[in-house]
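The opening position of the sequence shown corresponds to residue 1 in full-length UniProt numbering, with each subsequent residue numbered one higher. A short worksheet on the structure shown next.
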Amino acid sequence: MFNKGLFLACALALLSACDSSSQDKPAPAAAPTTQAAVTDTKPKPAVDLAALSKRYAGRELTVIDVSEIQIDGASALSVSFSVPLDPEQKFGEKLHLVDSKNGKVDGAWELSDNLMELRLRHLEPQRKLVLTVDAGLQAVNKATLAAEYISRLETRDLQATVGFASRGSLLPTRLAEGLPVIALNVDKVDVEFFRVKSDSMPNFLAQWDGASRLSSYSSEELLPMAELVYSGRFDLKPARNTRETLLLPIAGIKPLQQPGVYLAVMRASGTYSYSQPATLFTLSDIGLSIHRYSNRLDVFTQALEGGKALSDVSVDVYDDSGKVVAQGKTDSDGHTQLPLPAKAAVVLAHKDEQTSMLRLNSSALDLAEFDISGPQAHPLQFFIFGPRDLYRPGETVLLNGLLRDSDGKNVKQQPITVEVRRPDDQVSRKFVWEADSSGFYQYQLQLADEAPTGRWQLVFDLGDGKPQLYEFKVEDFLPERLALELKGSDTPVAPADNPEFDITGRYLYGAPASGNTLTGQVYVRPLREAVPKLPGYQFGSITEEDLKHDLELEPVTLDAEGHSTLAVQSEWAQAKSPLQLILQASLQESGGRPITRRLVQPIWPAEHLPGVRALFGSSTGSDDYDDEADKGEAQTNGDGPAEFEIVMADAAGNKLAADNVKVRLIRERRDYYWNYSANDGWSYHFNEKFLNLNEETLNITKDSTAKISFPVEWGPYRVEVEDPSTGMVSSLRFWAGYRWQDNTDGGAVRPDQVKLALDKPAYNDGDTATVTVTPPAAGKGYLLVESSEGPLWWKEIDVPAEGKSYEIPLDKKWARHDLYFTALVIRPGERKANVTPKRAVGVLHLPLDRAQRKLALTVTAPEKMRPKQPLKLKIVAKNADGSVPRQVQVLVSAVDVGILNITRYATPDPFASLFGRKQYGADQLDIYGQLIEAGQGRLASMAFGGDALAKGGKRPDTSVTIVALQSAPVTLNDAGEGEASVDIPDFNGELRVMAQAWTDDRYGMAEAKTVVAAPIIAELSTPRFLAGGDQTSVALDVSNLSGKAQKLDVKISAEGQLSIPGGDQIKPLQLKEGQRVTLKVPVLAQGGLGQGKIKVLIEGLDLPGETLPAFTREWSIGVRPAYPAMLRHYRATLNEQSWSLPDGALEAFEPGRSRSHAVAVEPPTAEHR
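Next comes the structure, spelled out in structure tokens:
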């Protein structure tokens, strides 16, 4: 996002304001001075003309661009050239600018620091201009302009406007000379200052929307909550046709020196309109940071000038009614701790005549770039697990639980109150969960047949005021029956090649998916970080177009082995950048139900590619300009050269040698122009052009990289690296100069990062940790060790730019896994250097070593078995050091993989859950995003929403075979061994065997798999339901896995609300070993609501040495009406009379299908309507 503050000119000499008694006699103004868009005031190094001449030797001199730009708030003409110009020539004799109305335009041509741009300042608005550049203009390489160049343009219009330059709310009194305003052709302004009443402050802040203007309507609501304390007229007198930032000198106004929050309302003198420019602010040198926990606030105060901790700062917390609900004073370290009342709304920090304000309902700092995710921390950890997380309505949810402390140690068991919440957040039921005699919690939660689908929650109350959650999903799902494997090339393919993929499909019970249909789509997208072994390097041209493709694939039929090869016709053969091809394939069952899997195939345009990495800021390879800072675009502070690291690499990450690699610096110049409207205030637009500023050649040796740097000015750039041997180009966008994205009033603020590094991967209790703090700039701040309940240790720090290490002894009492090192470093403000304070934040998890408390658990299960038999398992547990653990309990479950694959359910791991990283438990808020500076931009916020739940009719009664079995807990013997068994029903498929083991303080997990398959398998692909009168065909798959050929007789029948047209079917089958045959069975659904069954009887199975009964299977399919349910109400007043339904009242209902009749003495409630 363009930085308005750096683009605007800042006034150094200000006008004085008069008090209300002398408004009509404004003080004389000192002439304002301005600064350039690049705020670097250091002297520029002398240009080495000989070096430039050598660098550009042989290059032709041409005019590459003519544009209207803004310099120091005024319009200027910019003429850009392909080669630096000789600065010794007289440019006024070679360049001529003519106004078509007024003739020659006077002015001096200025040569830019890089000698590649000429500028003429102070263009008049709405003028038609003609520029002529004479032939013979000379460059530093002695090249001359070969022919005369003529360009025509019309300058933009300018309207007189004035407004406040900042949307911040804190004016640092010791750093800023006044309140900044932007003025264009406005000489005088009248400003009224209001102080918000303390008892009205929360309500005022709630209604103040942070807009840059105050309408007449809003003033009627807001101004009664404030009192007018000062009004004055200020002389601005900006330079003609120049948009300037000027400062209203309010520091010496006594009525504004009292602690408080102020509203300034401004208008151009002599004008009146429906809305006026307005801003809300406080005057202070107090930097305020807050770490907010569940029940407390930790407040830190620092001086904005110098960054030193501030003591004796009074801190008041107001609720939403304006009442002070908490108070405190900071100690010598600038810290105080306060309770967090439920209705706390605003924090005011004040000392002497200074006040800083922070709203507690404002967005906390965005810490998304730090690795702080995990489950929420609790003093008591309740590890809840089950064999799966997906259930159908009417099923029983199996729940297991272990109650432990924050370090995974056993605690006294207690009754736990549980709320069951439906997807609409309504409480379905409550119960109290008790542990068994061993301290293990088990519960079976029965779901109603009409249980709503969606995400359900269990809310556990452990008595500490911090409810814990467990979630599971309820859906009308059908278990997957198929497995699909996609395999592409292990190495990247060329763009011109047609990628080929090996497809393997099988049924989970082991048979190949022969004859099944595969459909799919292909999505092609740019692959910027194309080498995983070289993180941060960008490959490919960020400006290359037509790199996105979406293709629909033709259906493919798998062969008898369940295999196929899928070839994709390339439509990106001309691509010069690496791509990723995303194959999304769906394999269908015989009845048409699919499973879907994805595979990513890299595509490289050459065997090796150049890569580029910025040695500053961050980079994500954003391929557009929108919200560049939010996307992590590389950014340098603009105070020195921008440095890059160049590599030549192959897809495996090998660093290769390369000679004569070309590196170009391109200015992605945006010519901005400002616009003003009553609705939006100041806004900007731009025209964009690409200018090649520099080109260097370098050599790269094998197993190495090369570095290069370019001097840059403020603004957007692109660096390109070209491999001369292939012509391949990789590029990276970056921004030079701070854009001050933090100082906004909308959305969560993403701070600069402090890098934190530890000397060990994990620590034992009582160790000393060494943490290295490296800020983006030198500054002062603090370093903390935090838990989710508050700081455990903190220290004021003064960190140089190169970083500093600190030793922190780890208290043995800190035995918990929500520990984090956090750091805040403030780059102090400096009035002389016009530097505003800027903060950077670091967050890093502090891991505790618990490897010795991990159980090594193994579960031995058979690879294959038949259904209707017990699954017998052997279990062995060892300690981490190989010794035998004592009193180990193990819970074993066996679940259909076809269920687990739907949600990608991972086997529950008690060790990882209890000892893994917990979520960072604090919200960080501060005022550094509210500091007033000129021209801050505005960040848009995104609102998220969702649809409300809708009620449906009664579900069809369809039976689905669900295999999710769980054994009783097993106690291992003194050798750490044990056995478990679960009875497998009539099921064919693959089971995942999952085991969790625990003692009082040690934990482990293991898993195995078993394929369950009968000699003859019959599976029916059924619809989820049928409507009365539907006629369809269902697919019956019969597979022979007996080990030999079979001659079978298959009898198919129906009953209930299903029938087979023509009666029962008997079909003889001859199946080879491993063969699968699909039979299509016609089915007719009868009317009404109920259930029908399809039965299969298979006779003739011949197995040597075995005598088996006839094979039988049956499937239930729900039948429901094809129209919605009807409900009729009749009301009558009975006075010792009888009443009957009116004649014909039931004619609209299908005979025998009315579900219920109800008589009530009260009108029906909304629930029963």
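Backbone N, C-alpha and C define an ideal beta-carbon position, used for all residues, glycine too.
- Query: Hey, residue 120 and residue 107 are a contact pair by Cβ (cut 8 angstroms); roughly how many whole angstroms apart?
  - Reply: 5 angstroms
- Query: Do residue 1118 and residue 1091 have their C-beta atoms within less than 8 angstroms of each other?
  - Reply: yes
- Leaving out five residues before and five after residue 1055 in sequence, what residues of the same chain have Cβ atoms less than 8 angstroms from its Cβ? 1092, 1093, 1095
- Expected contact under 8 angstroms - CB spacing of residue 314 and residue 343 to nearest Å: Wrong, their Cβ atoms sit about 21 angstroms apart, outside the cutoff.
- What's the gap between the Cα of residue 248 and the Cα of residue 177? 8 angstroms
- Message: Would residue 776 and residue 839 qualify as a contact pair, given that the criterion is a beta-carbon distance under 8 angstroms?
- Response: no
- residue 411 by DSSP, collapsed to three states: which one? coil
- Message: Within 10 Å of its beta-carbon, does residue 1066 have 16 or more other beta-carbons around it, so buried, or fewer, so exposed?
- Response: exposed
- Where does residue 608 land, buried or exposed, given buried means 16+ other C-beta within 10 angstroms? buried
- Query: Opposite residue 326 in the DSSP bridges: which residues?
  - Reply: 317
- Message: Could you check whether residue 204 and residue 262 sit closer than 8 angstroms to each other, using their CB atoms as the reference points?
- Response: no
- Do residue 381 and the ligand SAM come close, with the Cβ less than 7 angstroms from some heavy atom? Judged by which ligands are present, the structure shown has none, so any question about the ligand SAM falls away.
- Taking buried to mean at least 16 other C-beta atoms within 10 Å of its own C-beta, is residue 952 buried or exposed? Below a pLDDT of 50, predicted positions are generally treated as unreliable, and residue 952, at 42, falls in that range; the measurement from the model is reported next regardless. Classification for residue 952: exposed.
- Would you list, in sequence order, the uninterrupted beta strand (DSSP E) runs of no fewer than 3 residues that lie entirely inside the region 1061-1141? 1065-1071, 1076-1085, 1090-1099, 1111-1120
- Through-space distance from residue 931 to residue 366, alpha-carbon basis: 18 angstroms
- What is the DSSP secondary structure of residue 990, reduced to helix, strand or coil? strand
- Item | the region 1000-1012 touching the region 855-862, judged by at least three CB pairs closer than 8 angstroms | yes
- Return the CA-CA distance between residue 1170 and residue 441, expressed in angstroms with no decimal places. This structure leaves residue 1170 out entirely; the chain is present only between 1 and 1169.
- Task: Using three-state DSSP, classify residue 343 as helix, strand or coil.
- Result: coil
- beta strand (DSSP E) runs contained entirely in the region 283-309, provided each spans 3 or more residues: 286-292, 296-303
- Name, in chain order, the residues that DSSP records as bridge partners for residue 505. 484
- Message: Alpha carbons only, please: which of 1058, 1074, 1014, 1140 is nearest the one belonging to residue 1098?
- Response: 1014
- Task: Taking the CB atoms as reference points, tell me whether residue 842 and residue 925 lie closer together than 8 angstroms.
- Result: no
- Query: Where does residue 635 sit, in a helix, a strand or coil, going by DSSP?
  - Reply: strand
- Looking at the unbroken alpha helix (DSSP H) that takes in residue 542, where does it start and where does it end? Note, residue 542: premise wrong, no alpha helix (DSSP H); not H, not E.
- Message: Checking 8 angstroms against the spacing of the C-beta atoms, do residue 123 and residue 77 come in under that value?
- Response: yes
- Task: Using alpha carbons as the reference points, say which of 994, 88, 526 lies closest to residue 139.
- Result: 88
- Task: Please go through the same chain and pick out, in chain order, the residues whose beta-carbon is closer than 7 angstroms to the beta-carbon of residue 388, but skip the five residues on each side of it.
- Result: 895, 899, 900, 905, 964
- Item | 6 angstroms Cβ shell around residue 154 - same chain, five flanking residues per side excluded | 128
- Query: Does DSSP put residue 53 in a helix, a strand or coil?
  - Reply: helix
- Task: Kindly list the residues whose CB is nearer than 6 angstroms to the CB of residue 216, restricted to its own chain and excluding five residues on each side of it in sequence; keep chain order.
- Result: 274
- residue 866 versus residue 997 - alpha carbon distance: 27 angstroms
- Task: Any chance you could list the beta strand (DSSP E) runs of at least 3 consecutive residues sitting entirely within the region 569-610, in chain order?
- Result: 579-588, 594-603
- Compute the distance between the beta-carbons of residue 723 and residue 658, then report whether it is under 8 angstroms. yes
- Query: Taking the alpha-carbon positions, what's the residue 868 to residue 978 distance?
  - Reply: 23 angstroms
- Leaving out the 5 sequence neighbours to the left and right, which residues in its chain are closer than 8 angstroms to residue 943 when beta-carbon positions are compared? Model confidence at residue 943 stands at a pLDDT of 23, short of 50, so the residue's coordinates are unreliable; what they give is reported in the following sentence. Once the five neighbours on either side are set aside, residue 943 has no close Cβ partner at all.
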